[in-house]
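*Asks:* Structure in structure tokens, see below.
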Amino acid sequence: VALIDRMRRAQQRLRPPGLRIALPSSDVADLERGLRLTADPGAVEWVDLALRLLSVLVRRHAMSTPPVVGLRVRPDALEVMLDRTRPTASEIPPEPFEFSTDGSGWLLRRSKGLLESIRADVDVRGIDDPMPALVTLGQDERGLLLVDLETAGSLVVSGSDADAMTQGIAVELATADRAEQVDVVVVGFDPS
């Protein structure tokens with residue numbers, strides 16, 4: 001939704017004076033309407049601030065950097081999924097993080113009061129994005145699944161929609177607010 005909004009603003013700026021921008025066809029308009037209905041506009045800021053908070057807390061408590069392999073954005077919380085094969089994954093999470101229900105990761109419950117206190121933390125505001133290569137893999141009944149390509153090192157995408165998904169990941173990396181921290185190189189795609 002944020003990408004659609006940015007593209008619309010660019011269309012508005014570049015349109016000839018006195019003319020309107022082209023409106024989407026009915027199929028595309030229906031798709032956009034569905035995206036907007038299910039979108040969580042605060043999720044992007046929530047994920048960004050939560051990751052910055054985690055990075056600051058790890059430094060404050062002189063902890064080892066947790067082996068984060070992915071995130072699940074749920075309506076009520078952010079679940080930080082850890083690589084359980086690494087010894088630092090068993091460390092106790094710094095408050096306000098807690099162990100997830102199954103113990104495989106850390107959970108940060110979503111609340112307006114917590115969000116405001118994170119925003120007010122000078123250290124959180126001053127830190128660089130700790131996961132600039134974070135991309136969306138998909139959504140299921142448990143929430144939105146994100147993976148950090150930098151931590152993963154490589155990612156294999158297979159299936160009938162593999163090209164579309166890979167292109168979506170490349171577009172997400174190239175257009176994200178943190179894009180100035182990431183060099184995106186796409187290899188092996190037919191330009192047509």
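With my numbering, letter number 174 in the sequence shown gets 174, and the count goes up by one each step, no holes.
The C-beta atom is built at its ideal place from N, Cα and C for all residues, glycine as well.
Just so you know, these numbers come straight off a predicted model, no measurement behind them.
Mark Glu95 as exposed unless 16 or more other C-beta atoms lie within 10 angstroms of its C-beta, in which case mark it buried.
*Replies:* On the sequence shown, position 95 is the one that residue 95 refers to. Per the 10 Å Cβ criterion, exposed.
*Asks:* So the candidates are Ser158, Asp177 and Phe97; which of them puts its Cα closest to the Cα of Leu78?
*Replies:* Within the sequence shown, the letter at position 78 stands for residue 78. It is Phe97 whose Cα lies nearest to the Cα of Leu78.
*Asks:* Tell me, to the nearest whole angstrom, how far the beta carbon of Arg84 is from that of Gly143; I am working on the premise that it is less than 8 Å.
*Replies:* If you number the sequence shown from 1, residue 84 lands on position 84. If you number the sequence shown from 1, residue 143 lands on position 143. Going by Cβ atoms, the distance from Arg84 to Gly143 rounds to 20 Å, so no, they are not a contact pair.
*Asks:* Closest to Arg125 by C-alpha separation, out of Arg20, Glu45, Ala10 and Trp106, would be which residue?
*Replies:* Reading the sequence shown from its first residue, position 125 is the one you call residue 125. Nearest of Arg20, Glu45, Ala10 and Trp106 to Arg125, Cα basis: Glu45.
*Asks:* With a cut-off of 8 Å, do at least 3 Cβ pairs link the stretch 127 to 143 to the stretch 102 to 111?
*Replies:* no
*Asks:* Under 8 Å by Cβ, that's how I've got Leu71 and Met81 pegged, so tell me the actual separation to the nearest angstrom.
*Replies:* On the sequence shown, residue 71 is found 71 positions in, with the first residue counted as 1. On the sequence shown, residue 81 is found 81 positions in, with the first residue counted as 1. Rounded, the Cβ-Cβ distance is 7 Å, consistent with contact.
*Asks:* How many Å lie between Leu19 and Arg33 at the Cα?
*Replies:* The sequence position of residue 19 within the sequence shown is 19, counting from 1. The sequence position of residue 33 within the sequence shown is 33, counting from 1. Spanning the two alpha carbons is a distance of roughly 24 Å.
*Asks:* Report all residues from its chain with a CB closer than 8 Å to the CB of Ala43; omit the five preceding and five following residues, and keep chain order.
*Replies:* In the sequence shown, residue 43 corresponds to position 43, counting from 1. When the five nearest sequence neighbours on each side are left out, the beta carbons in the same chain lying within less than 8 Å of the beta carbon of Ala43 are those of Val73 and Leu144, in order along the chain.
*Asks:* Could you have a look at Ala152 and say whether DSSP puts it in helix, strand or coil?
*Replies:* As a position in the sequence shown, residue 152 is number 152, starting the count at 1. Reduced to three states, the DSSP call for Ala152 is helix.
*Asks:* Rounded to a whole number of angstroms, what is the C-alpha to C-alpha distance between Gly188 and Leu137?
*Replies:* Residue mapping note: residue 188 aligns to position 188 of the sequence shown, counting from 1. Residue mapping note: residue 137 aligns to position 137 of the sequence shown, counting from 1. Approximately 20 Å between the Cα atoms of the pair.
*Asks:* So, Val147 versus Ile169, is the Cβ gap smaller than 7 Å?
*Replies:* Here the question's residue 147 lines up with position 147 in the sequence shown. Here the question's residue 169 lines up with position 169 in the sequence shown. Cβ distance not < 7 Å, so Val147 and Ile169 don't count as in contact.
*Asks:* Can you give the Cα-Cα distance for Asp27 and Ile4, rounded to whole angstroms?
*Replies:* For this step, residue 27 is matched to residue 27 along the sequence shown. For this step, residue 4 is matched to residue 4 along the sequence shown. Approximately 15 Å, taken between the alpha carbons.
*Asks:* State yes or no: is the C-beta of Asp102 within less than 7 Å of the C-beta of Val56?
*Replies:* In the sequence shown, the residue the question calls residue 102 occupies position 102. In the sequence shown, the residue the question calls residue 56 occupies position 56. It is not a contact, given that the beta carbons lie outside the stated cut-off.
*Asks:* Out of curiosity, what's the CA-to-CA distance linking Arg9 and Ser160?
*Replies:* Counted from its first residue, the sequence shown places residue 9 at position 9. Counted from its first residue, the sequence shown places residue 160 at position 160. Straight-line Cα distance between these residues: approximately 33 Å.
*Asks:* Is DSSP giving Asp48 helix, strand or coil here?
*Replies:* Start at 1 with the first residue of the sequence shown, and residue 48 comes out as number 48. Of the three classes helix, strand and coil, the one that applies to Asp48 here is helix, per DSSP.
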